[in-house]
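In what follows, a structure is listed as structure tokens, so that the remarks can point back to it.
Protein chains: 2
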Amino acid sequence: MESVEKECGALGGLFQAIVNDMKSSYPVWEDFSAKATKLHSQLRTTILAAVAFLDAFQKVADMATNSRGATRDIGSALTRMCMRHRSIETKLRHFTNVLVEGLVTPLQDRIEEWKKTANQLDKDHAKEYKRSRQEIKRKSLDTVKLQKKARKELLGRGNLRPQLDSAMQDVSDLYLLMEETEKQAVRRALLEERGRYCTFINLLQPVVNVEIAMLGEITHLQAIVDDLTVLTEDPHKLPPASEQVIRDLKGSDYSWSYQTPPSSPSSTNSRKSSMC
Amino acid sequence: MESVEKECGALGGLFQAIVNDMKSSYPVWEDFSAKATKLHSQLRTTILAAVAFLDAFQKVADMATNSRGATRDIGSALTRMCMRHRSIETKLRHFTNVLVEGLVTPLQDRIEEWKKTANQLDKDHAKEYKRSRQEIKRKSLDTVKLQKKARKELLGRGNLRPQLDSAMQDVSDLYLLMEETEKQAVRRALLEERGRYCTFINLLQPVVNVEIAMLGEITHLQAIVDDLTVLTEDPHKLPPASEQVIRDLKGSDYSWSYQTPPSSPSSTNSRKSSMC
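Structure (structure tokens):
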């Protein structure tokens, strides 16, 4: 009997420890939420900087595409690289939004719910525990009274024995009931605690999935880097297309003409040039 | 002869157009460099926010690992997710450094070199073009003089003919030489222009390679997400390990015990709870 009583106390203690852990966890969750919010706002300004960077990148690509020489292929590969990065940027923007809308905001709502639930669990358990203890105490007192009475009446008819046995059985049943109730309370607390992580992971997954979607862009980047490597492998040799620019000029109606500039601006440096 | 002259002018005009394109490109390159620098500084602050976020994430993971219930597996999966993100963060840090050290800073140096080279190309070409034109002019004048002389001496011995033919051949040769020289100048300008993109891409590649390596880290995230999905698929059911926590308590020396709290704090709400 004493062992069941101790076990009920231990179960109650375990329940309390779990609830206390949950209660002391809020600063950790709130810190996570605050740091995620800060990351979100940093990512937003980084995305703005990335957009401006990609605009500047596209201008370099356009310049290569539209130059007189044969850098059209290089320009188009750079444009593809720029477009891929715009696609990464779009996914990063999506990630940034999901981080707050899908994770931080719902998590903050949950934290409030968790506080209420843990308090309620604690309150309900305390009440139930007390009620059980009191009932057991009352029944135990009844038993003690019956035992005294039985001892006095031992010399009498002795018909208190079944009554005493039944009372003692009642106390024992109440203990077993309390043990089961305490186990259930511990299970509820464990479920609540574990459920928090399940909820958290449930909210986290879509965020990580958007992040994983960015991975898909790699293959494309690799292909473009490979193209650019081939296109620029010999910077000291003009590709056939550049020679074609010169040949095309011969057949054309000479839309170009050259006016020799006045020599004044370069006169100071003229001693340096000796190309004859 | 007139056609070769026109072609030389056209080649000179093409050369000038290429050099002018190069000269007008600096704002585009400088804008690229400025926007990359801004992106770099934004990324640096984002990395700080990411580090703080990952520290907070790790605390959530630790909490799951150390909780009384059976969330140790969840905690260890969250820790792995956190570690992967730290690895992504390290690569992002590397990317951020390479962006400036490997691309922006060397590019800025190159822009200064490019300015000098384009100016020198322009100056050398103008000088060479003028020199060729003057030489042709002088030779042409000689030819004209010889032609007049030859016309006057037509009635004489007529031995100026070979001299005149040779002078005219000289002019023609000079034109062909000038044409070749102009073609070479155009080729030099095209090589210089194309070389800029080759240099740019050469500087860009290591940056994109680090980026690709960073995205490569994301592959590992999928496995962790899959683990977390399995671990949390039924939040309303305690896993066997949680039941074990309760069973283990039975065999233990009952290090837990429960003190029923004073009823005062919950007394106001007591009418609501009716659990008996």
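Protein chains in written order, with this note's numbering: chain A, 1 to 276; chain B, 1001 to 1276. Yeah, the Cβ is synthetic: ideal placement off N, Cα and C, and Gly gets one too.
Next item on the list: Report the three-state DSSP secondary structure of T1079 of chain B (helix, strand or coil).
Entry: helix
Check: Starting from S33 of chain A and walking both ways along the alpha helix (DSSP H), at which residues does that stretch end?
Finding: 26-66
Next item on the list: For C1198 of chain B, return the contacting residues in chain A, with the cut-off set at a CB-CB distance below 7 angstroms.
Entry: T232, P235
Checklist line | Selection of the segment 1060-1071 of chain B by Cβ proximity to chain A, strictly under 9 angstroms | finding: V1060, D1062, M1063, A1064, N1066, S1067, R1068, G1069, A1070, T1071
Check: How long is the line joining the alpha carbons of K1059 of chain B and R1084 of chain B, rounded to whole angstroms?
Finding: 15 angstroms
Checklist line | Local conformation of Y1258 of chain B per DSSP, three classes | finding: coil
Notebook entry, point to check: Cα-Cα, which of A:K116, A:I136, A:L43, A:A189 is closest to T90 of chain A?
Noted result: A:L43
Check: Start and end of the alpha helix (DSSP H) containing A185 of chain A?
Finding: 161-231
Notebook entry, point to check: Do L1215 of chain B and L190 of chain A have their C-beta atoms closer together than 8 angstroms?
Noted result: no
Checklist line | S1132 of chain B, buried or exposed, once every other Cβ within 10 Å from all chains shown has been counted against 16 | finding: buried
Next item on the list: Excluding the 5 residues preceding and the 5 following D21 of chain A in the sequence, name in chain order all residues of the same chain whose CB lies nearer than 8 angstroms to its CB.
Entry: E193
Note to self: Strictly below 8 angstroms CB to CB, what residues from chain A border I1212 of chain B?
What the structure shows: I218, L221, Q222, V225
Checklist line | Continuous alpha helix (DSSP H) stretch holding T1105 of chain B: start and end | finding: 1105-1152
Notebook entry, point to check: With a CB to CB cut of under 7 angstroms and the five nearest residues on each side skipped, what residues in its chain are close to I1224 of chain B?
Noted result: A1077, R1080, M1081, R1084
Check: Using the beta-carbon of each residue, which ones in chain A are nearer than 8 angstroms to Y1129 of chain B?
Finding: Y258, T260
Notebook entry, point to check: chain B partners of K115 of chain A, CB-CB under 8 angstroms?
Noted result: The premise fails here: K115 of chain A is roughly 15 angstroms from chain B at the closest Cβ pair, so nothing lies under 8 angstroms.
Item checked: Assigned secondary structure, T959 of chain B (DSSP; H/G/I helix, E/B strand, else coil) -> Nothing about residue 959 of chain B can be read from this structure; chain B reaches only from 1001 to 1276.
Next item on the list: Could you pull out every residue in the same chain whose Cβ sits closer than 6 angstroms to the Cβ of A1050 of chain B, ignoring the five residues on either side in sequence?
Entry: E1089
Item checked: Contacts of A1365 of chain B in chain A (Cβ-Cβ under 9 angstroms) -> Limits of chain B in this structure are 1001 at one end and 1276 at the other, which puts residue 1365 of chain B out of reach.
Next item on the list: At 8 angstroms on the CB atoms, spell out the chain A contacts of S1025 of chain B, in chain order.
Entry: M63
Notebook entry, point to check: With burial defined as no fewer than 16 other Cβ atoms inside 10 Å of the residue's Cβ, what is the status of E1101 of chain B: buried or exposed?
Noted result: exposed
Next item on the list: Let me know if A241 of chain A comes out buried or exposed under the rule of 16 or more other beta-carbons within 10 Å of its beta-carbon.
Entry: exposed
Item checked: Near-chain A residues of the segment 1177-1191 of chain B (beta-carbon distance less than 7 angstroms), N- to C-terminal order -> K1183, V1186, R1187, L1190, L1191
Checklist line | T71 of chain A classed as buried or exposed, judged by whether at least 16 other C-beta atoms fall within 10 angstroms | finding: buried
Item checked: CA nearest to the CA of S25 of chain A, picked from B:R1086, B:M1063, B:D1165, B:A1126 -> B:M1063
Notebook entry, point to check: For T1219 of chain B, is the classification buried or exposed, using 16 other Cβ atoms within 10 angstroms of its Cβ as the cut-off for buried?
Noted result: exposed
Item checked: Contacts of Q1249 of chain B in chain A (Cβ-Cβ under 7 angstroms) -> Here the sequence assigns Leu to residue 1249 of chain B, which means Gln is not the residue at that position. Here the neighbours are A10, L11, L14.
Note to self: Could you check whether the Cβ of Q42 of chain A sits closer than 8 angstroms to any Cβ belonging to chain B?
What the structure shows: yes
Check: When the Cα atoms are used, what is the spatial distance from M168 of chain A to L174 of chain A?
Finding: 10 angstroms
Checklist line | C-beta atoms of L203 of chain A and L121 of chain A nearer than 8 angstroms | finding: no
Margin query: Distance check for M178 of chain A and S41 of chain A, CA to CA, integer angstroms please.
Written below: 52 angstroms
Next item on the list: Could you tell me whether the Cβ of Q147 of chain A comes closer than 8 angstroms to any Cβ of chain B?
Entry: no
Notebook entry, point to check: Does any CB atom of chain B fall closer than 8 angstroms to the CB of L39 of chain A?
Noted result: yes
Item checked: Alpha-carbon to alpha-carbon, Y258 of chain A and R1151 of chain B -> 35 angstroms
Note to self: Is any non-hydrogen atom of the ligand SAH found closer than 7 angstroms to the C-beta of H94 of chain A, if you look at the structure I gave you?
What the structure shows: This structure simply doesn't include the ligand SAH, nor any ligand for that matter.
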